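With the working numbering applied, the sequence shown corresponds to residues 6 to 541, in that order.
Take a look at the structure below.
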Amino acid sequence: LASVSPNLVSHCLSSSSYSSNTSPLPKSSNIELFVTNARSIRRKSHLLNFVKSLSYSLILISETWLCKDDSDAYLLGSNDDFVAFRKDRPTNAEKSRGGGVAILCSPLLNPILVSSFTTESIESLIIDIHFSSPSEFIPSRLYHLADWNSINYHISSHDWTLALSFLDVDNAFSYFTEVVNSLLDAFVPKSTPSPFSHYPRHLKILYGKSKRATSIARNSVLALTLTKRFERALRAHQVKIESRIVESKNPKAFFSLCNTRLKACKSAPPGIIDVDGAQLLSCRDKASAFSKYFASVSTSPLQSPLPSHSPPTLYTINGIPLSSSPFLKNLGIIMNPSLKFTDHISRMVSKARAKINIMFKCFFSPDPHLYNRAFTTFIRPLLEYGSVVWSPHTVILANQIEDVQRNFSRRLFARCQIPYSLYPDRISLLSLQTLEHRRFISDILFLYKSIHGFYSYDHSNLFRKAPLTRSLRRSHNLRISLPFVPPKSHSSFVIRVIERWNVLDAEIVTSSPHIFRSHILSIPSKSFSEESLLRL
């Protein structure tokens, strides 16, 4: 992809096909094409969102500086207005950033990835697009402004019996749709949304001035000054939106804002190429191709018992051998043969760190409540999902997980210009708990629900009830014991919380789930104490 500008909001090309004014593909004579050299798209998502609002059909970006750990949220947000194709530059110890190309294409063009390859310092993407007639698309209409009285009058006064009596089913359906569409054209106005509808007028003016100045002399003082003014105004507009949503305390608006910044859409490319080279665009063709291929490679079940030491089976697709993996992902948790969760924790931490990077590069507000709520809503659950299964029992892994929140709080204080303080003081000011303490709460809540029958599973190999024969002041009839003596390397949720559970008051362990949870949440944290795995 050719580099045409030092700035993201810089240059626009047109090709001789179709283009858009108010929709991704309007009924005019050109496809609007935007080409730019981003020089790292990481901190320019707000600029890219503005460009996407201009209804370009194709956006070509070079120098994305993305790597395999970076989410498509940098390019797409959570909207499915575009399909993203990426080719990132491979990274190593010597080269960690740079290069990379991306193509954002309207799904109405039915893009298909033809080829992607990398040579020395060059990344290439080739896609094929298929444009369909605009008449196939249903226009957007303003039904709240429709003349329903006229529509009802024409439908009720029409002699349907006479009109349909001599028609078969297909022709009758065609006749009915023609009548309905004619009524819609006559009495329901079409919507004509402006591509700048959600941006203020001064941003449109600044963008137009910077675009004209750049087209005349790209590196002139006037062009660079106007471009910087536009970027500052756009950033101030984003800060204003973020602050207004946080102050409104509207959870739906906040969730929608974070969704557009932190979560990439999961829309698949509209078209694929099958093994014969045919281009498949419809869902029926794609499903038929997959069904045909799976049927061709399926094998009959063995009728005899397997040998005790069967040789490893080699599986191939189109003659390409598939590598075997010792890891198994079950309900989102990665298991390995040794039943250790080091790989799962490493991948989980990497995903959370990447999401934090996106957050600090897509939000611009100095309000700490925005980052705090976004972290607890979208990032912290990544570090807590299934923790009853994989909760670490080593100092290294526990601190590896805690470092995610530690790093987040430090970056939040720097962004919001809050004086530096130690990690325990930072999370206290942010009303956060350590991740270690939250895992303890999850463990003891899981034990409570297991004992009271909320979860139905065989826990005889994990714990058993062991009430005391004589009553003690700090005891209850739901005391538990272990059915075995665990090794030091063994860790389960029962071992982690058995001491705390057995000393709870009887009225607490027999209370309702809501009361029990409230009591557990009020227990002070033991993080950074001698019993804790965390280190300052």
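Glycine residues also receive a C-beta, built at the ideal position from the N, C-alpha and C atoms.
Keep in mind it's a predicted model, so treat the numbers as computed, not measured.
What is the residue span of the beta strand (DSSP E) that residue i lies within?
i: K209; result: It is not in any beta strand (DSSP E) - K209 instead sits in the alpha helix (DSSP H) that spans 206 to 221.
i: E128; result: 127 to 133
i: K245; result: Run containing K245: none in the beta strand (DSSP E); it sits in the alpha helix (DSSP H), 226 to 253.
i: F339; result: It should be pointed out that residue 339 corresponds to Ile in this sequence rather than to Phe. Run containing I339: 338 to 340, per the beta strand (DSSP E) assignment.
i: S433; result: Premise fails: S433 lies in the alpha helix (DSSP H), 428 to 434, not in any beta strand (DSSP E).
i: N335; result: 333 to 335
Tell me whether residue i is buried or exposed, calling it buried when 16 or more other Cβ atoms sit within 10 Å of its Cβ.
i: A357; result: buried
i: S162; result: exposed
i: W506; result: buried
i: A241; result: exposed
i: W165; result: exposed
i: R540; result: exposed
i: I361; result: buried
i: I127; result: exposed
i: N377; result: buried
i: R444; result: buried
i: E252; result: exposed
i: W395; result: buried
i: K254; result: exposed
i: I221; result: exposed
i: A292; result: exposed
i: K92; result: buried
i: S28; result: Residue placement at S28 is flagged as unreliable, the pLDDT there being 43, under the threshold of 50; the coordinate-derived value follows with that caveat. Counting Cβ neighbours within 10 Å, S28 comes out buried, since at least 16 surround it.
i: F332; result: exposed
i: E141; result: The pLDDT assigned to E141 is 43, lower than 50, so where the model puts this residue is not dependable; a value taken from the coordinates is nonetheless given after this. Exposed, since its Cβ has fewer than 16 Cβ neighbours within 10 Å.
i: T41; result: buried
i: G104; result: buried
i: I325; result: exposed
i: S15; result: Low confidence applies to S15: its pLDDT is 43, below 50, so where it sits in the model is not reliable, and the reading given next is rough at best. That one is buried.
i: A191; result: exposed
i: R548; result: Since the first and last residues shown for the chain are 6 and 541, residue 548 lies out of range.
i: I350; result: buried
i: Q422; result: exposed
i: F295; result: exposed
Pull the bridge partners of residue i from the DSSP assignment, please.
i: F90; result: I108
i: V40; result: L65
i: E441; result: Bridge partners of E441: none, in fact.
i: K195; result: R146
i: R469; result: S486
i: I117; result: D133
i: P491; result: DSSP, once it has assigned bridges, lists no residue as partnering P491.
i: I322; result: I325
i: T123; result: E128
Going by beta-carbon coordinates alone, are residue i and residue j separated by less than 7 Å?
i: L417; j: P371; result: no
i: F87; j: L109; result: yes
i: I363; j: L267; result: yes
i: I485; j: F468; result: yes
i: K531; j: R48; result: no
i: S145; j: S196; result: yes
i: F521; j: Y453; result: yes
i: L147; j: P194; result: yes
i: A89; j: T69; result: no
i: E441; j: A403; result: yes
i: I500; j: I446; result: no
i: E247; j: L375; result: yes
i: I134; j: L150; result: no
i: A177; j: L188; result: no
In the DSSP assignment, the alpha helix (DSSP H) including residue i goes from what residue to what residue?
i: L80; result: 78 to 81
i: F368; result: It is not in any alpha helix (DSSP H) - F368 carries neither H nor E in the DSSP assignment.
i: K257; result: 256 to 267
i: Q422; result: Here Q422 belongs to no alpha helix (DSSP H), and DSSP marks it neither H nor E.
i: E504; result: 498 to 507
i: T166; result: 165 to 169
i: S161; result: 153 to 162
i: L375; result: 373 to 379
i: I384; result: Element bounds for I384: n/a, residue is neither H nor E.
i: R522; result: 518 to 526
i: F55; result: 50 to 57
i: I513; result: 511 to 514
i: S45; result: Note, S45: premise wrong, no alpha helix (DSSP H); not H, not E.
i: W395; result: 392 to 395
Rounded to the nearest angstrom, how far is the Cβ of residue i from that of residue j, given a contact under 8 Å?
i: S465; j: H398; result: Not a contact, Cβ separation roughly 23 Å.
i: I46; j: L81; result: About 11 Å; that fails the 8 Å criterion.
i: A283; j: D74; result: That pair is no contact at about 34 Å.
i: S58; j: Y204; result: 7 Å
i: I432; j: S414; result: 6 Å
i: R352; j: I339; result: 6 Å
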